[in-house]
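I have placed the structure first, in the form of structure tokens, so that the comments after it can refer back to it.
2 protein chains.
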Amino acid sequence: MEGRCLSQVSVTVQPHGFRVRGKKGNSFRRLCHDARLELNSPCGGLGRCGKCRVIITEGHANIGEPTKTEQKHLTRKELSAGFRLACQVIVLGEIEVIVPKETMPAQLRLQTEGIYAKTEILPLVKKTCLEMPQPTLRSLKPDLERLLSALCRGNARQVAVPMQVLSRLPDVLRKSKWKVTATIWSDREILDVEEGDTSKSVYGFAVDIGTTKVACYLVSLLTGETVAVSSMINPQVQHGEDIMERLTYAMKGESERAELTRSIRKGINRLVAECCSKSEVNPDHIYEATVVGNTVMHHMFLGIAPNYLAVSPYVPAVKQPLNVQANELGIEINPHAKIHFLPLIAGFVGSDAVADILATGMYNKKELCLLLDIGTNTEIVIGNQQRIVACSCASGPAFEGAHIKDGMKASIGAIESCRIDPATRKISFRTVDGVAPRGLCGSGIVDAVAQMLGAGLIDENGTLLEDAPYVRSGESGQREFLIVRTSEGYPRDIGVTQKDIREVQLAKGAVQTGISVLMKTVRIEPRQLRHVYLAGAFGTCISPASAKKIGMIPEVPLGIIRKVGNAAGTGARMALISSKARQLCASISSKAQYVELAAHIDFRSTFMRSLSFPSQSTQKRSSEKRTESKQTAGKIRPQRLMHTQNY
Amino acid sequence: MEGRCLSQVSVTVQPHGFRVRGKKGNSFRRLCHDARLELNSPCGGLGRCGKCRVIITEGHANIGEPTKTEQKHLTRKELSAGFRLACQVIVLGEIEVIVPKETMPAQLRLQTEGIYAKTEILPLVKKTCLEMPQPTLRSLKPDLERLLSALCRGNARQVAVPMQVLSRLPDVLRKSKWKVTATIWSDREILDVEEGDTSKSVYGFAVDIGTTKVACYLVSLLTGETVAVSSMINPQVQHGEDIMERLTYAMKGESERAELTRSIRKGINRLVAECCSKSEVNPDHIYEATVVGNTVMHHMFLGIAPNYLAVSPYVPAVKQPLNVQANELGIEINPHAKIHFLPLIAGFVGSDAVADILATGMYNKKELCLLLDIGTNTEIVIGNQQRIVACSCASGPAFEGAHIKDGMKASIGAIESCRIDPATRKISFRTVDGVAPRGLCGSGIVDAVAQMLGAGLIDENGTLLEDAPYVRSGESGQREFLIVRTSEGYPRDIGVTQKDIREVQLAKGAVQTGISVLMKTVRIEPRQLRHVYLAGAFGTCISPASAKKIGMIPEVPLGIIRKVGNAAGTGARMALISSKARQLCASISSKAQYVELAAHIDFRSTFMRSLSFPSQSTQKRSSEKRTESKQTAGKIRPQRLMHTQNY
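Those protein sequences? They're chains A and B, same order as listed.
Residue numbering for the first sequence follows the working numbering, starting at 1 and increasing by one per position.
Residue numbering for the second sequence follows the working numbering, starting at 1001 and increasing by one per position.
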């Protein structure tokens, strides 16, 4: 259409599936930069270093021919394979680009490591190399029976065999001269029969699907070792940043629903391929996968209508653990591999929370524990071996750096921590990779607000004091406190606005309300808590002291707060290598009691109270005076609240 | 292509899938007639009666426009629906035609009825209508758990649910206002969940796949009643008439193998559709199917390489019963329906024999029984509740009227029985439907040879006496005895040639050898037999006296011979409606001992001896003198022969 003239262009950045939009006619590097995705380009986009290599996969018509600079830095072979330099490619229309690992900002911090508790290796999948005598006119045992009797050594058992395996069996047995490797699941189902001895190659795949991030682990089922890790932005983000946006998209119709399912499955296939290529593992040798995620991700991956999760009473279609064959879901590992979906707790507390509980071991502790998995949605769990209660709260995207004026993801140049001297009000800060500051990531904004609070720049209601130094009226007419000042030689001003503070208040208020309602449910006080676990990427970055200062974490000694990283991913790996861990998950899921915050009688008033910041003097005093009553610690008095749901 | 000029045309005749070839320019009726498929056309193809209505489905360009005659007999609506008169349609190229039941020769005798032993109705499939309370904020049980607790009424059980059912569940429950019908298989797998109460509509489908014929039965799983029956020529016949031809075709390559699988599955889908339309049953309400057939048909239907069934030691890929999901095989009943393949006995004794044994009840009899399922391959079983031995022999196509000069299928005009007065040598005969004779079907040829033997026209070696009346030198220079003579006013001569007699000798010799080897294996004499069952279409048509006279059936009193019709189909239905019957089949399969005839030490000599006809005087004497020793009757002395294989 010649008449069409749009000044905006859109680029899909693979392998993460980002969608970058910007002004037509800009270079790809510039578009990324404007979207705060800093590609590796040491020369700053001048075309000197030739390092910002990318591969154009779609939309070649929407970019010009290679420039002389590109011809200098790239071989003819590379050019014909689609390689270009990000700083040279002028984008005139929609394109798709693969950014290779060396060009990708390494600092795109996807939390993939965490505690990895000692777990006994008891996988459900076993591979056995079998040799058997060939049939003769005097030994006419059919192929399958011959295989099974070699496998079960006389212990006749009912073993299921998929049709595809059975139909190939006669050929496989004869081509291999009657020496094959059989893979059996849970002692009752043959997953594959291969020629020769492949018994040493047996893998599992653990998947942690977050609303924003997907992390995958390729694990040897012989040693329990993680042999490859890959992660990506959840490709569903193009249909909505948070869960509610995605639910809204899903509810538009069948095809939108199917698109979300297809998109996450495709993304996971990309991670499978990536992990397999890193570790040189044959994808057909992945015989099991475990999946954790919130309930919406769980339903969407499975292809279950998530619509009813968006409306009261928010019940999931299924809560119990599920085993689904890989080829039914289109996951490109062994077609008969089992994909195990860990059980859920409720509509808004998914299997990621179950995996968190498993990984931290809190289900087995005598002492009372609090677990926070902080993100756009924050899951809160309180409990011990006696009882577990859980809730979820919509903490919003502030903790991910979104909806904050100078907010950004925790990538290069993000201020990740800062300190304001209460006396001099002098500011010091640390950025990701120590480069010049570009903005504030989640932990930076929490730190900033906490420090401003400590320095008396904000009052308990969150009002930014007008007359303080470095408080100015920003462009939008809003008051703003400058953390980074051009006047001090920095390339740009970075500040915290009154609105930013309100966003933090809403976010922390939601978490605080959740904790408070759960504590009421089990009738305990903060001082009875013995362990506080901070899970998830944000939980790992955040300063516990700052989180406590703004009231997000209750009044507990800093020493009991532990960052557990991606505990959900760890739990998924534990369930992958151990059938015992799976049983534990099932019991955690059925034992855990879900508390629907919105239905709680105290919700409204508690939330209103939680918006304020704690009085800084009180806080200091109470943490100094802190005495612990050993008698009451760790005991939950059983109680049945009006608005607490039991199954 | 204008230059193309072939004088031959080819027509596919549905629903049976016949392929009729003939001269281009002939009417469709004439092509059928030449192929010995007599359509219902009382006026003899003159266009007067308008009865030979057919439907043209493919190749309209290869026939002319409707003639005036057709316009007279058919309404405009019928013409536009593709109806034509077979006698008026001039075939100029390839077409496909559906011949409606009323036009089809009713005499195309596909044996679909048989004994139907009283079987307790114990189907594995159960449908239950369930009503459940809807979820509220105080009752957050997930959809599946809600359904299962209504289904199991508190008895927690592990019940599997297919993903497709689970993904629709939230919608189904809400649209039906929480009143649904669940279908459960074997108390452990949900097959479907439907809105409202459909619990009265629950059906099964029994399939008997013969090399030549396929018979299907639609059965109510509530009452055990057969509500529709359909049958067809096995559509694989286009790739070979007998098993060896089809195996040869399958061994050509992957695509040929796949073609045979596709062809039988497609054929069965046609029968499903036919049965459902006859009885107005929703195909989604067919939740189980049972399948019986010889081992090659079994493997081909399942998509298992049958190649190794063609080479020594002829072992099947699998022998045990199998349950396969309908959608895995592409069978168009409920996608999660279970297709149960009855167990086999060996490479050449299939599940049809197991079903025969089940239906006759011989597995449970104290007395010794002999079962013959006669066809191109004949299965022979001897046994009782103590022991069962079985073998298979290649009896060739003579019994189906093939390879016989004037042989034909048992359709209209076929001589199905005949008698020659030994004194006057006057011949009387009966034809199918009593019309003028057109040829000899299997039972006719056996009768003719037996009568010729009795009348002294053939000696014990099978030589046709030269000097007898009505023996002439036929066109091919062969001696031939005329059964039907133009000299007596019949439209054509029909005779039995010396070569025809040799074909019968080979066929009966094979059967006789099989019986003889089995009797040696269990060390019994014919006089110890108490029941002889003749199964299959041919077994139903044949005259037991004639079969005995030519030596195919051993020396037993005629009174103990019983025709059991399509016992395999009956067994398939019994297994369909009763889980107990299935258990019996499994035990029959593992108990039955297969004897490989070709490997038997006495095979060659026995076969050579069996080619001769019994001495007619001896036979008469022995059947007159017959004394039975009650002591030895029914006892099989256990014995292990060199060439008898045990599993």
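We treat Cβ as the ideally placed atom computed from N, Cα and C, and that holds for glycine.
Model, not experiment: these values are computed from the prediction.
May I ask you to list the residues that DSSP assigns as paired with residue i?
| i | result |
| --- | --- |
| ASP192(A) | THR183(A) |
| ALA228(A) | LEU218(A) |
| LEU651(A) | In the structure as shown, chain A starts at 1 and stops at 647, and residue 651(A) therefore has no counterpart that could be examined. |
| LEU1372(B) | ILE1380(B) and LEU1534(B) |
| ARG1053(B) | LEU1085(B) |
| ARG1430(B) | SER1417(B) |
| ARG48(A) | DSSP, once it has assigned bridges, lists no residue as partnering ARG48(A). |
| ARG1029(B) | DSSP output for ARG1029(B) lists no bridge partner at all. |
| TYR363(A) | DSSP, once it has assigned bridges, lists no residue as partnering TYR363(A). |
| ARG1021(B) | SER1010(B) |
| ASP459(A) | Answer by DSSP bridge pairing: none, since ASP459(A) is not bridged. |
Out of the options, which has the shortest C-alpha to C-alpha gap to residue i?
| i | options | result |
| --- | --- | --- |
| VAL1091(B) | THR1069(B), LYS1077(B), ALA1061(B) and LEU1074(B) | ALA1061(B) |
| ASP500(A) | SER516(A), PHE481(A) and PRO491(A) | PHE481(A) |
| ALA1250(B) | MET1232(B), SER1231(B) and VAL1296(B) | VAL1296(B) |
| CYS1087(B) | VAL1099(B), ALA1160(B) and SER1007(B) | VAL1099(B) |
| LEU1370(B) | GLY1044(B), GLN1512(B) and SER1230(B) | GLN1512(B) |
| PRO1397(B) | TYR1363(B), THR1431(B) and VAL1446(B) | VAL1446(B) |
| ALA423(A) | GLN451(A), SER417(A) and GLY434(A) | GLN451(A) |
| ALA1346(B) | TYR1314(B), PHE1429(B), ASP1284(B) and TYR1363(B) | TYR1314(B) |
| THR136(A) | CYS129(A), SER220(A), GLU195(A) and ARG146(A) | ARG146(A) |
| LYS1548(B) | THR1290(B), ASN1327(B), PRO1614(B) and CYS1585(B) | PRO1614(B) |
| SER1167(B) | ILE588(A), LEU372(A) and ASN307(A) | ASN307(A) |
| GLN236(A) | MET300(A), LEU611(A) and ILE420(A) | MET300(A) |
| ALA1598(B) | GLU1555(B), ILE1483(B), ARG1174(B) and ALA1510(B) | ALA1510(B) |
| SER1220(B) | ARG1265(B), VAL1125(B) and LEU1031(B) | VAL1125(B) |
| VAL207(A) | LYS200(A), LYS580(A) and LEU218(A) | LEU218(A) |
For residue i and residue j, which I take to be in contact (beta-carbon distance under 8 Å), what is that distance rounded to the nearest angstrom?
| i | j | result |
| --- | --- | --- |
| ILE542(A) | LEU534(A) | 7 Å |
| GLY224(A) | ILE577(A) | 5 Å |
| HIS1531(B) | GLU1379(B) | HIS1531(B) to GLU1379(B), Cβ: 16 Å. No contact. |
| ILE1209(B) | GLY1293(B) | 4 Å |
| VAL1517(B) | THR1376(B) | At roughly 20 Å, the Cβ-Cβ gap does not stay under 8 Å, so VAL1517(B) and THR1376(B) are not in contact. |
| THR1486(B) | ARG1479(B) | That belief does not hold up - the Cβ atoms of THR1486(B) and ARG1479(B) are roughly 18 Å apart, past 8 Å. |
| ILE1553(B) | PRO1544(B) | 6 Å |
| VAL1389(B) | THR1521(B) | 5 Å |
| LEU1358(B) | GLY1571(B) | 4 Å |
| LEU372(A) | GLY539(A) | 6 Å |
| THR212(A) | GLU400(A) | 7 Å |
| VAL1089(B) | VAL1013(B) | With a Cβ gap of about 12 Å, VAL1089(B) and VAL1013(B) do not count as contacting. |
| VAL165(A) | ASP192(A) | 6 Å |
| CYS32(A) | LEU85(A) | Going by Cβ atoms, the distance from CYS32(A) to LEU85(A) rounds to 13 Å, so no, they are not a contact pair. |
What in chain E is Cβ-close to residue i, meaning under 9 Å?
| i | result |
| --- | --- |
| LEU1302(B) | Absent from the structure: chain E. Protein chains present are A and B. |
Inset, instruction - Count the C-beta pairs between the stretch 1590 to 1609 of chain B and the stretch 1345 to 1354 of chain B that are closer than 8 Å, then say yes if the count reaches three, no if not. - result: yes
Legend entry - Within the stretch 472 to 539 of chain A, ranges of the beta strand (DSSP E) (whole runs, at least 3 residues): Those beta strand (DSSP E) runs which fall completely within the stretch 472 to 539 of chain A and span 3+ residues are 479 to 484, 494 to 497 and 529 to 535.
Legend entry - Contact the stretch 431 to 450 of chain A vs the stretch 404 to 415 of chain A: 3+ CB pairs below 8 Å: yes
Legend entry - Inside the stretch 546 to 607 of chain A only - alpha helix (DSSP H) runs reaching at least 4 residues: 567 to 577 and 579 to 591
Inset, instruction - May I have a chain-ordered list of the alpha helix (DSSP H) segments no shorter than 4 residues that lie completely inside the stretch 1240 to 1285 of chain B? - result: Complete alpha helix (DSSP H) runs here, min 4: 1243 to 1250 and 1254 to 1279.
Legend entry - Complete runs of the alpha helix (DSSP H) confined to the stretch 1313 to 1349 of chain B [at least 4 residues]: The alpha helix (DSSP H) runs of length 4 or more contained entirely in the stretch 1313 to 1349 of chain B are, from start to end of the chain, 1326 to 1329.
Inset, instruction - Pair every Cβ in the stretch 1326 to 1339 of chain B with every Cβ in the stretch 1271 to 1291 of chain B, then say whether three or more of these pairs are closer than 8 Å. - result: Result yes; three or more Cβ-Cβ pairs closer than 8 Å.
Inset, instruction - Give a yes or no on contact between the stretch 309 to 322 of chain A and the stretch 557 to 564 of chain A, applying the rule of three or more CB pairs nearer than 8 Å. - result: no
Inset, instruction - Pair every Cβ in the stretch 179 to 187 of chain A with every Cβ in the stretch 244 to 263 of chain A, then say whether three or more of these pairs are closer than 8 Å. - result: no
Inset, instruction - For the stretch 1127 to 1181 of chain B, list the alpha helix (DSSP H) runs that are entirely contained and at least 4 residues long, ordered along the chain. - result: 1143 to 1152 and 1163 to 1175
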